[in-house]
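> Order-wise, the sequence lines are chains A and B.
The numbering of the first sequence is my numbering, which starts it at 1 and goes up by one.
The numbering of the second sequence is my numbering, which starts it at 1 and goes up by one.
Note that the Cβ used here is the ideal one computed from N, Cα and C, for glycine as well.
Bear in mind that the values here come from a model prediction, so they are computed numbers and not experimental data.
Protein chains: 2
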Amino acid sequence: MKVLVIGGCGFIGSHLVDVLQERGHRVRVFDRQPERFREPLKGVEYQFGNFGDRMAVIEALSGVDAVAHLVSTTFPGTADLDPITDVQDNLIGTLSLLDAMVDLGIPRLLFLSSGGTVYGPPEVVPIPETHPLRPINSYGIVKSSIEHYLTMYQRKYGLTSISVRASNPYGPRQAHTGVQGVISTFLARLTAGEPLEIWGDGSVVRDYLHVKDLAIFCSLAIESKNTGAYNVGSGSGVSVNEIVSILSNVTGDTISPVFKPGRAVDVSRSVLDVVRAQTDFKWTCTIPLEDGIAQSLEWWQNL
Amino acid sequence: MKVLVIGGCGFIGSHLVDVLQERGHRVRVFDRQPERFREPLKGVEYQFGNFGDRMAVIEALSGVDAVAHLVSTTFPGTADLDPITDVQDNLIGTLSLLDAMVDLGIPRLLFLSSGGTVYGPPEVVPIPETHPLRPINSYGIVKSSIEHYLTMYQRKYGLTSISVRASNPYGPRQAHTGVQGVISTFLARLTAGEPLEIWGDGSVVRDYLHVKDLAIFCSLAIESKNTGAYNVGSGSGVSVNEIVSILSNVTGDTISPVFKPGRAVDVSRSVLDVVRAQTDFKWTCTIPLEDGIAQSLEWWQNL
């Protein structure tokens, strides 16, 4: 099929484009600017523009069978600084996309939601998809609102959609250091010869997912007829201290991080229950964390 | 205290203004236009303007101790027609209000949410406040998003707020017939000598709340330091057929409604669990449904 990847030049988008091409799909990319770390890919149509530009989005939608919507103009750690812009860019931007898809009769959407923010502080861990959505930051509020609208558009207009509640993706080409991804932030500092900084005591547990495994799930999801929300993660919790330990193993150096006062909003333990994704898609993570980190370090060192 | 009632010329707002004055508060009203059914009230300051006009809202906020935010530019039955406008007017408008309140140091907000739409199809009836928010229409999605943002603004900026999840208010001055309120719609048709129309078989159960009881709760809530979400309703379920039966009693006429095909989105039974409101505020509904309907009919007949 022909797939439009909105945000296809970003970290996750660029990997999804690779997987879609590997699986025989034709790909068009809509993004603000070209990929930061690679030349334009052969066989991919690129259209550059702003997600808020309705006519540019309509042009990008022309002739495609499905859409992967991976754009967010904000990060979990930054969206709270300006919720109005977050809503304007991401919620209204997405509603405009949905309206255009309905108008053009494009029946299939994958939306990249957020397993780390839509639930809020979890009542149970690992967190199942049925857990109430009680987001506590703007990023999560906008993502969960979009999910509700997707359900409404599916019921009212037959636009079938799947929401991917990804855990913490990491891997090559993740370079928004400081605002997203402790692994990449650590790798960047290691590569630059700077000390690693940990907020709190390093016991905070997250679910890390190699971006390639996430991209494979997204491709399977677009190809399927499944709908609704899917948690996508490793299903295993890893502490920040364990990440440091893996980095010590991978580099062969003893790494001594600098510990700083913990941030109040950090949930101590967040791990997704991924049984639904594994059952419905026969999908599972294939890249062990240590291998993924070693591969990512290599990418940083060759940058 | 001095209270700004945003939407104070509307159905619920006009009753809240009455109660606030009865309880000794000074009141300023911000609304698009004067009350439809009454002359301007003595002792109330009126400022007319658009909720989306940030500077007008800031002017209205000047010197007040608390805000009651009752504005919605949409109705549950209409918001789906244009979700982008719903988000723009109501979600972004409210975020702009919150930002202005933080800037001006106004510490207290009452927000009129919606007990009928934020939960979506209920898992249990009566519905407690802890029920997951799974709204299925735009009106409920926007209301629940605002509630999440209120929690965030309280945590980040100390703006304390209370969200009133009202059931189905009815009473004098409710005149948006056809889009809101089966009781008022029936009263309007009876007064006009037209037949009553029922979608479905009349078995749909709702929780009807006299607007005066709602207004009393809102005043108590503003005066308190309580925060979070409160269901406000009668706590009892009444079917549409029972409403018709009450109308027959009140008018002394046998009323034979016209039954029409049911609407797919109607939840068959929605009643709120109001124990939290009753316990925390020593509040309860005081106006029996038959009395409230009789009083509302009289209002319609004298219009």
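Report buried or exposed for Lys2(A), applying the criterion of at least 16 other Cβ atoms within 10 angstroms of its Cβ.
exposed
> Name the one or two DSSP bridge partners that Ile127(A) has.
Leu272(A)
> Should Lys156(A) be labelled buried (16 or more other beta-carbon atoms within 10 Å of its own) or exposed?
exposed
> Can you pull the chain A neighbours of Tyr149(B), defined as C-beta to C-beta under 8 angstroms?
Pro83, Ser138 and Ile141
> Using CA atoms only, rank isn't needed, just tell me which of Leu104(A), Val19(A) and Gly8(A) is closest to Pro40(A).
Gly8(A)
> Apart from the five residues just before and just after Pro132(B), which ones in its own chain have a Cβ nearer than 7 angstroms to its Cβ?
none
> What three-state label does DSSP hand Ser239(A) in the structure shown?
strand
> When the Cβ atoms of the segment 13-27 of chain B are set against those of the segment 47-54 of chain B, are three or more pairs found closer than 8 angstroms?
no
> With Phe30(B) as the anchor, note down where its beta strand (DSSP E) starts and where it stops.
Arg26 to Asp31
> Apply the 10 Å Cβ neighbour rule to Asp273(A) and answer buried if 16 or more other Cβ atoms are within range, or exposed otherwise.
buried
> Closer than 7 angstroms between beta carbons: that is the criterion. Which residues of the segment 89-102 of chain B meet it against chain A?
Listed by position along the chain: Leu91, Ile92, Leu95 and Ser96.
> With distances taken from CA atoms, which of Thr73(A), Asn249(A) and Asp291(A) is nearest Tyr170(A)?
Asp291(A)
> Is it the case that the Cβ atoms of Ile255(B) and Leu190(B) are separated by a distance below 9 angstroms?
Yes, these two residues count as a Cβ contact at 9 angstroms.
> Distance cutoff 9 angstroms, beta carbons only. Does Leu133(B) sit that close to anything in chain A?
yes
> Excluding the 5 residues preceding and the 5 following Tyr153(A) in the sequence, name in chain order all residues of the same chain whose CB lies nearer than 6 angstroms to its CB.
Once the five neighbours on either side are set aside, the close Cβ partners of Tyr153(A) are Leu98 and Leu159.
> I need the straight-line Cα distance from Arg38(A) to Val182(A), nearest angstrom please.
23 angstroms
> Does Met55(A) have its Cβ less than 9 angstroms from a Cβ in chain B?
no
> If we count the other Cβ atoms within 10 Å of its Cβ and call it buried at 16 or more, is Ser268(B) buried or exposed?
exposed
> Can you tell me whether DSSP reads Ala100(B) as helix, strand or coil?
helix
> List, in order along the chain, the chain A residues whose C-beta lies closer than 7 angstroms to that of Val87(B)?
Val87, Leu91, Ile92 and Leu95
> DSSP puts Val44(A) in a beta bridge; with which residues?
Note: Val44(A) sits in a beta bridge opposite Val27(A).
> Could you work out which residue in Ala68(B), Ala215(B) and Gly63(B) is closest to Asp31(B) when comparing CA atoms only?
Ala68(B)
> Can you pull out the residues from the segment 107-119 of chain B whose beta carbon lies closer than 7 angstroms to at least one beta carbon of chain A?
none
> Can you check which of these residues, Glu35(A), Ser270(A), Leu4(A) and Trp299(A), is closest to Gln166(A) by C-alpha distance?
According to the sequence displayed, residue 166(A) carries Ala and not Gln. Nearest of Glu35(A), Ser270(A), Leu4(A) and Trp299(A) to Ala166(A), Cα basis: Ser270(A).
> Using a beta-carbon distance below 9 angstroms, is Asp80(A) in contact with chain B?
yes
> Report yes or no: do the segment 113-120 of chain A and the segment 132-152 of chain A share at least 3 C-beta pairs separated by less than 8 angstroms?
Under the 8 angstroms Cβ criterion, the segment 113-120 of chain A counts as touching the segment 132-152 of chain A, having at least three qualifying pairs.
> Which bits of chain B does Met152(A) rub up against, with CB to CB less than 9 angstroms?
Asp80, Pro83, Pro135, Ile136, Asn137, Ser138 and Ile141
> Provide the residue span of the beta strand (DSSP E) that contains Phe259(B), from first to last.
For Phe259(B), the uninterrupted beta strand (DSSP E) run begins and ends at Val258 to Lys260, by DSSP.
> Leaving aside the five residues before and after Ser96(B) along the sequence, list all residues of the same chain whose C-beta is less than 6 angstroms from its C-beta, in chain order.
Arg54
> Closer than 8 angstroms, Cβ to Cβ, to anything on chain B: give me those residues from the segment 156-170 of chain A, in chain order.
Here the close residues are Lys156.
> Any C-beta of chain A within less than 8 angstroms: which residues of the segment 267-283 of chain B qualify?
Of all residues in the segment 267-283 of chain B, none has a C-beta nearer than 8 angstroms to a C-beta of chain A.
> Drop a sphere of 10 angstroms on the beta-carbon of Arg173(A), count the other beta-carbons inside from all chains shown, and report buried for 16 or more, exposed for fewer.
buried
> To the nearest angstrom, how far is the alpha carbon of Leu282(B) from that of Ser203(B)?
One point to set straight first is that residue 282(B) is Lys, not Leu, in the sequence displayed. About 32 angstroms.
> Helix, strand or coil: which one does DSSP assign to Lys282(B)?
coil
> For a cutoff of 9 angstroms on Cβ pairs, would you count Ser145(B) as touching chain A?
yes
> Unbroken alpha helix (DSSP H) runs of length 4 or more, entirely within the segment 159-193 of chain B: which are they?
182-191
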